[in-house]
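Novice: Quick one: the structure is below, and I'll ask about it shortly.
2 protein chains.
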Amino acid sequence: MSTYEQNIKQLKETIKIQRYYGSINSLMAWDLWQGLPVDGREYRQSVTGYFIKEASNLIKSNETKKLVEYFRELDDNRYENIYDKAAARVLINKYDKAVKVPIELQIEMNNFTSTAQMAWKEALDKSDFNMYKPYIKKSFELKAKVAEAIDNTKNPLDVLVDDVDEGLTVAKIDELFSELKVAIIDILEKIRDKNETIDDSFLNVNIDKENVKSICSHIVENSFFDKNKGTYQEVLHPVLYGVGPRDVRVTTNYKRLIPCIFSMLHECGHGIYEYSGNDKVVEYSLYGGISGTMHESQSRFYENLIGKSYEFWQYFYTFLQSEVNEFKNIDLDKFYNALNKVKPSLRRLDADELTYNLHPIIRFEMEKEYFQGNLKTDDFYEAWNAKYKEYLGLEPKNAKEGVLQDVHWASGHIGYFQSYTLGNVYGGQFRNKLLEAYPNVYKEISFGNFDSLNKWMYENIHQYGNLYTQNDLIKKATGEEIKSKYFIDYLYEKFL
Amino acid sequence: MSTYEQNIKQLKETIKIQRYYGSINSLMAWDLWQGLPVDGREYRQSVTGYFIKEASNLIKSNETKKLVEYFRELDDNRYENIYDKAAARVLINKYDKAVKVPIELQIEMNNFTSTAQMAWKEALDKSDFNMYKPYIKKSFELKAKVAEAIDNTKNPLDVLVDDVDEGLTVAKIDELFSELKVAIIDILEKIRDKNETIDDSFLNVNIDKENVKSICSHIVENSFFDKNKGTYQEVLHPVLYGVGPRDVRVTTNYKRLIPCIFSMLHECGHGIYEYSGNDKVVEYSLYGGISGTMHESQSRFYENLIGKSYEFWQYFYTFLQSEVNEFKNIDLDKFYNALNKVKPSLRRLDADELTYNLHPIIRFEMEKEYFQGNLKTDDFYEAWNAKYKEYLGLEPKNAKEGVLQDVHWASGHIGYFQSYTLGNVYGGQFRNKLLEAYPNVYKEISFGNFDSLNKWMYENIHQYGNLYTQNDLIKKATGEEIKSKYFIDYLYEKFL
């Protein structure tokens, strides 16, 4: 075996073991919601702390250091294939971050976010922002420390955004968001009157949880989701956990049928991306997909560009009518119009496809102001309400309707919200290319044939896992960098 | 710090880390039923394999070896307290087993049992013993290998029994079981006619799962179980997983109300024992209780000696009537008599308190014949049916009603079944002492006061975790070794 081959072998082994640790960590994160009893939390932190440290010791070991040095000095053209090269890139990133961010801070971050998420849940139940204040404060402070440890020459938000969305900057996001805001506000003004007359009250049906569950799983499993690779659980907040290369956990909330359908489509969209790495990608432990915008583009694509299309319901509405008595006398057009009624709302997860984009923008702007030193987390309640008033014309009556609605800031997802709206932007680009490749794709969907859709997604995005960076993949799949044009065109086409 | 103190410190640290590995392993075992999708199984085996090996490497390391040697040579009277001594005993046991059983066999056993349990579930669904044959065969073969690795001078079943129930032998079990069989058959003959007239058909009520769940949790939480230390999940087979010192997972099946009440009482009985180690026991990582008979004595005590007592239902029956319409016109005596109707049955988990004891005896006898070389696993279906015919006068119509009803042989619990019946025997001994200490304990229970019961259990059993061996603890708590007399007396008293 040549030195190169030996090093590649060791590289694959090293990443594989890091993924093993990632796997148990992800299982424990899922279990936080899923099974962990209150009095088990303290001990759980010792367990996660121990394994985070073990993984860190391995990545910072002398063996890994030598390996990293070897690949850092290796010329790009010396790699025998793209998998070797990608694995080296991933290892170097992991190593640099492990060396830069002190292990004590990593463990503190992990322990703190698990505590903070439970505190968030209690604050949400009581709709009490004051209870949440110390947690959100510390969460931002810890993330600032992480950002400084990675690169103290930049604004922390730029570092955090780059950590989620490699290659993206706050300035670039600002540019994209301004273009979007103009378009959304323009469309909103043009359709507001027409939309106000649409009746969507009938969507609020009363169905028991078992039925909601079976309807939602029927829909995702008959369009794209492979139930042999994922299981569903009911918890408060819909989230997707990737536990292994062919193992994802969809959590959702079965309380209300229509929101549940779309949150299932969303999380299963993450799921199919997470579990669809090709065999080579799995062999190199590069499975799971690219975090941030690319991942959100997949969830939001299935949720909206597919799940809120007319053709999707041409196929599924008969089934839905057979399951829900209240829909028996509602025709498809009325149902479709109600689903797509544009109406500014207070909750991100209840928002229509158009105004949704403003919700992450509000959160991103608050993060920006915080890191510019112009806003304190203690004032997030008021700042949130003021922005909702300004952008959506609505003001939350309490913290539950407002600043407490998302778990993200408690779970350490700071510098993350932009990815939802940017995921939509990617979605517009993908849709454009998908239609070029398969002009009849939506027509096929109306007959229940999802093959072209899923094939395009697999071939262009899903199979690659983390093989490429986000910027490289969007260029490979669409020939262009991120561009708001296609998504804006789509919004005009759909809503006007 | 003296050498002794340094070694004790290292001892505590070593056991603690072994428990961390145990904790993730237990979480993954629970997750097998709870969340793991089919296509995730293969990867899961790599993950568990890796961590089992890591834990084994740590326990077999030179540092641990030196530590073990130090404590092996240390005089018993040199230990400064019982915790130090117990921790040394636990470490030496763990070390010896790790050294004796090859790591490849440990990993094979772990991977095989997770596959076999899933195969068991499929075979059960199809009631097909042929599907199960290769798995049960290999399970017994692997366990025989484990037994030989531990001690090849004894019959493998003696080794396996000692592994579950330290200090117990097949000969001793045979002796206890013969005494029991005589008594049970005697009682059975005396009450058969009277019992046949008892109507228990009304127990089969039709209630939805959500209600079953809330009734069962109300009962366990209002008698002894602390919901901050455990969570419930619905799966096929009721089991208790201990994940941390204050963290247990109760799995059960919410299909039928009455069986569910008793399986919840049973599993939560394991639970309270598992999570109730005192602070010192937790500090030394000796929490969780003694496996085998001692653990089963606790689950079966709460299930039967408490849960099937008249006084228990004097307290809870009003609540049950308020939740179940069908019980409104059934009086307490009729309900109690139906619950305690003695009627030989095919399913262990449905058995009455008297004939229950024969079910584990049948399984234990089959294991014995297997390890004597007189019975092949391929013939377990017929052997099972013949024994049910002989002992209980009933013959299963199919494998689902018969040999497939328990997961144990698939999960590697071979040499385990005796502990259920012996747990009842312990229960009789505990009940005798409990009544000496608190003569009014059952009367108190009839008023909903469980303090004396829980206090006695905590003080005499629960708090100690693994501090003592099984034999030492039964002597400490009752002044005697295991003896069938008290349980037999109890059975005569209750049923005649």
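If you read the protein sequences in the order shown, they are chains G and W.
Heads up: the first sequence begins at 1 in the numbering used here, then just goes up one per residue.
Heads up: the second sequence begins at 1001 in the numbering used here, then just goes up one per residue.
Yeah, the Cβ is synthetic: ideal placement off N, Cα and C, and Gly gets one too.
(1) Would a check of beta-carbon distances place W/TYR1050 closer than 8 Å to chain G?
(2) Can you pull the chain G residues whose beta carbon is under 7 Å from the beta carbon of W/LYS1053, in chain order?
(3) Flag this pair as touching only if the stretch 1373-1389 of chain W and the stretch 1331-1343 of chain W have three or more C-beta atom pairs under 8 Å; answer yes or no.
(4) Say whether the stretch 1041-1050 of chain W touches the stretch 236-247 of chain G, bearing in mind that this needs 3 or more beta-carbon pairs closer than 8 Å, one atom from each stretch.
(5) With a CB to CB cut of under 6 Å and the five nearest residues on each side skipped, what residues in its chain are close to G/ASP76?
(6) In the DSSP assignment, what are the bridge partners of W/LEU1358?
(7) Within the 8 Å Cβ cut-off, does G/ARG497 reach chain W?
(8) Could you give the first and the last residue of the continuous alpha helix (DSSP H) run that contains W/GLU1166?
(9) At the 8 Å Cβ level, is G/GLN233 part of the contact set with chain W, yes or no?
(10) Considering only their Cβ atoms, is the gap separating G/ARG431 from G/TYR490 smaller than 8 Å?
(11) Alpha carbon to alpha carbon, how far is W/PHE1487 from W/LEU1434? Give it in angstroms, no decimals.
(12) Between W/GLN1247 and chain G, is any beta-carbon pair separated by less than 8 Å?
(13) Could you tell me the alpha carbon to alpha carbon distance between W/THR1197 and W/LYS1334, rounded to whole angstroms?
(14) DSSP three-state call for W/LEU1453: helix, strand or coil?
(15) Can you say whether G/GLY22 is buried or exposed, counting buried as having 16 or more other CB atoms within 10 angstroms of its CB?
(16) Could you tell me the distance, in whole angstroms, from the CA atom of G/GLY448 to the CA atom of G/GLU221?
(17) Let me make sure I understand the geometry here. Which of G/ARG41, G/LEU67 and G/LEU32 has the alpha-carbon closest to that of G/ASN7?
(18) Taking the alpha-carbon positions, what's the G/LEU349 to G/LYS209 distance?
(19) Quick one: which unbroken alpha helix (DSSP H) runs of 4-plus residues sit fully inside the stretch 298-379 of chain G? Chain order, please.
(20) Using a Cβ-Cβ cut-off of 8 Å, state whether G/VAL281 counts as contacting chain W.
(21) Just grab the DSSP bridge partners of G/TYR241 for me.
(22) Per DSSP, which one or two residues make a beta bridge with W/THR1231?
(23) At a cut-off of 7 Å, would you count W/ASN1228 as near the ligand MN, judging by its Cβ distance to the nearest heavy atom?
(24) Do G/ASN471 and G/GLY288 count as a contact pair if the criterion is CB distance below 8 Å?
(25) For G/ARG44, which residues in chain W fall below 9 Å Cβ to Cβ?
(26) Using a Cβ-Cβ distance cut-off of 8 Å, determine whether W/LEU1036 contacts chain G.
(27) Determine the extent of the alpha helix (DSSP H) in which G/LYS94 is found, giving its start and end residues.
(28) Does the contact criterion of 3 or more C-beta pairs under 8 Å hold for the stretch 1270-1288 of chain W versus the stretch 1225-1239 of chain W?
(29) Quick one: residues in its chain with C-beta nearer than 7 Å to the C-beta of G/LYS389, no 5 flanking neighbours on either side, listed in chain order?
(30) Is any beta-carbon of chain G found at less than 8 Å from that of W/LYS1397?
(31) If you draw a straight line from the alpha carbon of W/ILE1136 to that of G/LYS476, how long is it in whole angstroms?
(32) Going by beta carbon distance, what residues of the same chain come within less than 6 Å of G/TRP384, once the five residues before and after it are set aside?
(33) When the Cα atoms are used, what is the spatial distance from W/PHE1129 to W/ALA1116?
(34) Using a Cβ-Cβ cut-off of 8 Å, state whether G/VAL47 counts as contacting chain W.
(35) Let me know if W/SER1178 comes out buried or exposed under the rule of 16 or more other beta-carbons within 10 Å of its beta-carbon.
(36) What residue range does the alpha helix (DSSP H) around G/ASN432 cover?
Specialist: Let me lay it out:
(1) Residue contact with chain G for W/TYR1050: present (Cβ-Cβ distance below 8 Å to some residue of chain G).
(2) None at all; the shortest Cβ gap to chain G is about 11 Å.
(3) No, because fewer than three Cβ pairs between the stretch 1373-1389 of chain W and the stretch 1331-1343 of chain W fall closer than 8 Å, the two stretches do not touch.
(4) Short answer: they touch.
(5) Once the five neighbours on either side are set aside, G/ASP76 has no close Cβ partner at all.
(6) Its beta-bridge partners do not exist; DSSP assigns none.
(7) The first residue shown for chain G is 1 and the last is 496, placing residue 497 of chain G beyond what the model contains.
(8) No residue range can be given for W/GLU1166, since it is assigned to no alpha helix (DSSP H) and is classified by DSSP as neither H nor E.
(9) Interface annotation, G/GLN233: in contact with chain W, CB-CB separation under 8 Å.
(10) G/ARG431 is positioned such that its CB atom lies closer than 8 Å to that of G/TYR490.
(11) Put simply, the backbone Cα of W/LEU1434 is about 13 Å away from that of W/PHE1487.
(12) First, the amino acid is wrong: residue 1247 of chain W is Asp here, not Gln. So yes, W/ASP1247 belongs to the interface.
(13) Going from the Cα of W/THR1197 to the Cα of W/LYS1334 covers about 12 Å.
(14) The three-state reading of DSSP puts W/LEU1453 in helix, counting H, G and I together.
(15) G/GLY22 sits buried, since 16 or more C-beta atoms from the chains shown fall within 10 Å of its C-beta.
(16) C-alpha separation (whole angstroms): 12 Å.
(17) The candidate whose alpha carbon is nearest that of G/ASN7 is G/LEU67.
(18) Going by the C-alpha atoms only, they are around 19 Å apart.
(19) As summarised for the stretch 298-379 of chain G, the continuous alpha helix (DSSP H) elements at least 4 residues long and confined to that stretch are 310-323, 332-339 and 358-371, given in chain order.
(20) Using a Cβ-Cβ cut-off of 8 Å, G/VAL281 does not count as an interface residue toward chain W, since no Cβ of chain W sits closer than that to its own.
(21) The partner list for G/TYR241 (beta bridge, DSSP) reads G/ARG249.
(22) W/THR1231 is bridged to W/ARG1249.
(23) Ligands in the displayed structure: none, and consequently the ligand MN is not present.
(24) Annotated as distal: G/GLY288 and G/ASN471, with beta-carbon spacing of 8 Å or more.
(25) One finds SER1023, VAL1243, GLY1244 and ASP1247 in chain W with Cβ atoms closer than 9 Å to the Cβ of G/ARG44, taken in chain order.
(26) Yes, contact with chain G.
(27) Per DSSP, G/LYS94 belongs to the alpha helix (DSSP H) from 82-100.
(28) A contact between stretches requires three or more CB pairs, one per stretch, nearer than 8 Å, and the stretch 1270-1288 of chain W meets this requirement with the stretch 1225-1239 of chain W.
(29) Correct list, in chain order: GLU395.
(30) Taking a beta-carbon distance threshold of 8 Å, W/LYS1397 does not count as an interface residue toward chain G.
(31) Those two C-alpha atoms are separated by around 52 Å.
(32) For G/TRP384, where only same-chain residues beyond five positions count, the Cβ hits under 6 Å are GLY402 and VAL403.
(33) Here the C-alpha atom of W/PHE1129 lies approximately 13 Å from the C-alpha atom of W/ALA1116.
(34) At least one chain W Cβ lies under 8 Å of G/VAL47.
(35) Flag for W/SER1178 reads exposed.
(36) Element bounds for G/ASN432: 418-437.
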